[in-house]
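**Student:** Chains A and B, in that order, give the protein sequences.
Going by the working numbering, the first residue of the first sequence is number 1, and it counts up by one from there.
Going by the working numbering, the first residue of the second sequence is number 1, and it counts up by one from there.
Protein chains: 2
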Amino acid sequence: MASPRTIRIDLASPRPVYEQIVSSLRALLVAGEFSPGEQLPTVRQLAVDLGVHHNTVAESYRVLAEEGWLDLRRGRGAVVLDRLNPKPVTVAKHGFGRHLEELVAKAITDGVPRSALAEQMAALARKLGKP
Amino acid sequence: MASPRTIRIDLASPRPVYEQIVSSLRALLVAGEFSPGEQLPTVRQLAVDLGVHHNTVAESYRVLAEEGWLDLRRGRGAVVLDRLNPKPVTVAKHGFGRHLEELVAKAITDGVPRSALAEQMAALARKLGKP
DNA sequence: CCAGTTGTATATTGTACCTATACAATAGTC
DNA sequence: GACTATTGTATAGGTACAATATACAACTGG
């Protein structure tokens, strides 16, 4: 299986790099890969690792800080928060179901067997059930 | 529940409109909302309905035709195919699992209860199990 | 206090989306 | 068979945004 705490981006993807970084890092944070109080790599360090400009990583960190995942300050770096009190976001009508269906439809179109998709979703659903 | 065969786009979303149309239509096609041989609205008709330029819809139809969902010709319009022989696409390493985790992480960040996410995924998994 | 480190701000460049407009191919009608 | 309307297609331009280069401001640690 893939090593934890790894962020992979695809420079050829039409999806913005800063958004890929946000999405990837957020998944790790939700999965509990980082403990509260822990230091994240600096924007420059992660930028070198990923082969992008440090401003691109900085933009990603800003998004996650805005979401309440990080504490971001000059000279200090990025620190992971425990996020007990996330900012009051819009809960209602969060098109998760629709986006999920669209994601599955794309996978089916690309030839992924439905059984495989069903398994992965069931597995993740179980994991969410008992944290 | 939402009326079938409806396509909704968000002009304010950073996501390209043509991609929203593709994703939405593809989900309907996978769900079997359209029968093979059936006519889809013309690019101009759908464009008027959605409030965009017909070239934007045309680009979406072209993507779906490339994927094997539509037969697209001038003067004739867009016809739904049964897609028994989709083009041999890359099956392996189709980041479905990773994208799924990222989608869930975003929903959790936005405050959607994990139980709700688990339920929706389990429901869709069941539906995929018995087509 | 000072040097180094960290995140931030601003300007520039490239790219992609969306539209406007004109064109080409097909269908239907007589 | 020719005409006309309808349909998808091709091309170019306006605009917005992503990614970078560069310079700046704030914090840390000795």
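Quick reminder that beta carbons are idealized off the backbone N, C-alpha and C, glycines included.
Because the structure is a prediction, the values reported are computed rather than measured.
Determine the chain A residues that contact Ala65(B) at a beta-carbon separation under 7 angstroms, and present them in chain order.
**Tutor:** Going along chain A, no residue has its Cβ under 7 angstroms from Ala65(B), so there is no contact; the nearest lies around 12 angstroms.
**Student:** In whole angstroms, give me the CA-to-CA distance for Leu11(B) and Val17(B).
**Tutor:** About 7 angstroms.
**Student:** Reducing DSSP to helix, strand and coil, say where Arg73(B) ends up.
**Tutor:** Looking at Arg73(B) - three-state DSSP - the assignment turns out to be strand.
**Student:** Using a Cβ-Cβ cut-off of less than 7 angstroms, list which residues of the stretch 104 to 120 of chain A approach chain B; keep chain order.
**Tutor:** Correct list: Val104, Ala105, Lys106, Ala107, Ile108, Thr109, Asp110, Gly111, Val112, Arg114, Leu117, Ala118 and Gln120.
**Student:** Please tell me whether Arg26(B) has its Cβ less than 7 angstroms away from any Cβ of chain A.
**Tutor:** Closer than 7 angstroms: yes.
**Student:** Ignore the nearest five residues each way along the sequence and tell me which others in Ala123(A)'s own chain have a CB closer than 8 angstroms to its CB.
**Tutor:** So no residue of the chain qualifies.
**Student:** In its own chain, which residues sit with a C-beta less than 7 angstroms from the C-beta of Ala2(A), not counting the 5 before and 5 after it?
**Tutor:** Note on Ala2(A): pLDDT 49, under 50, position unreliable in the model; the coordinate value appears next. Cβ neighbours of Ala2(A) beyond the five flanking positions: none.
**Student:** Counting only C-beta atoms, is Val22(A) closer than 7 angstroms to chain B at any point?
**Tutor:** Not closer than 7 angstroms to any Cβ of chain B, the Cβ of Val22(A) fails to qualify, so no.
**Student:** Could you name the residues of chain B that Gly97(A) contacts, counting a contact when the two beta carbons are closer than 7 angstroms?
**Tutor:** Going along chain B in sequence order, the residues near Gly97(A) (Cβ under 7 angstroms) are Gln120.
**Student:** Take the Cβ of Gln39(B) as the centre, count every other Cβ of all protein chains shown within 10 Å, and call the residue buried at 16 or more, exposed below.
**Tutor:** When all chains shown are included, Gln39(B) counts as exposed.
**Student:** How about Val57(B) and Val48(B): are their beta carbons less than 7 angstroms apart?
**Tutor:** No. Outside cutoff.
**Student:** Residues in its own chain within less than 7 angstroms of Arg114(B) by CB, not counting five upstream and five downstream?
**Tutor:** Hits under 7 angstroms: Ile108.
**Student:** Hey, does Arg5(B) have any beta-carbon neighbour from chain A nearer than 7 angstroms?
**Tutor:** Taking Cβ atoms only, chain A never reaches closer than 7 angstroms to Arg5(B), which makes this a no.
**Student:** Could you tell me which chain B residues have their CB closer than 9 angstroms to the CB of Leu124(A), listed as they occur along the chain?
**Tutor:** Correct list: Gly97, Leu100, Glu101, Val104, Leu117, Ala118 and Met121.
**Student:** What do you reckon, are the CB atoms on Glu66(A) and Ala27(B) nearer than 7 angstroms?
**Tutor:** No, the Cβ-Cβ distance between Glu66(A) and Ala27(B) is not below 7 angstroms.
**Student:** Just curious, the alpha helix (DSSP H) that Asp49(B) is in, first and last residue?
**Tutor:** First-last of the alpha helix (DSSP H) with Asp49(B): Val43 to Leu50.
**Student:** Return helix, strand or coil for Leu40(B), following the three-state DSSP convention.
**Tutor:** It is a strand residue.
**Student:** Should Gly75(B) be flagged as near chain A, meaning a C-beta pair shorter than 7 angstroms?
**Tutor:** Chain A contact via Cβ: absent.
**Student:** Between the alpha carbons of Lys106(A) and Pro41(B), how many angstroms are there, rounded?
**Tutor:** Taking the straight line joining both Cα atoms gives about 22 angstroms.
**Student:** Between Gly32(B) and chain A, is there a C-beta pair that is closer than 7 angstroms?
**Tutor:** By this cut-off, Gly32(B) is not an interface position.
**Student:** Can you name the residues of chain B whose CB is closer than 8 angstroms to the CB of Gly129(A)?
**Tutor:** Result: Arg114, Ser115 and Ala118.
**Student:** Do you know offhand how far Ser23(B)'s Cα is from Ala31(B)'s?
**Tutor:** If you take the alpha carbons of Ser23(B) and Ala31(B), they lie about 12 angstroms apart.
**Student:** Flag His54(A) as yes if its beta-carbon sits less than 7 angstroms from any beta-carbon of chain B, otherwise no.
**Tutor:** Closer than 7 angstroms: no.
**Student:** Measuring only the C-alpha atoms, how far is Leu29(B) from Glu19(B)?
**Tutor:** Answer to the nearest angstrom: the Cα atoms are 15 angstroms apart.
**Student:** Alpha helix (DSSP H) containing Ala12(B): first to last residue?
**Tutor:** Per DSSP, Ala12(B) belongs to no alpha helix (DSSP H) and is neither H nor E.
**Student:** Between Leu81(B) and Trp69(B), how many whole angstroms is the CB-CB distance? I'm expecting something under 8 angstroms.
**Tutor:** Rounded, the Cβ-Cβ distance is 6 angstroms, consistent with contact.
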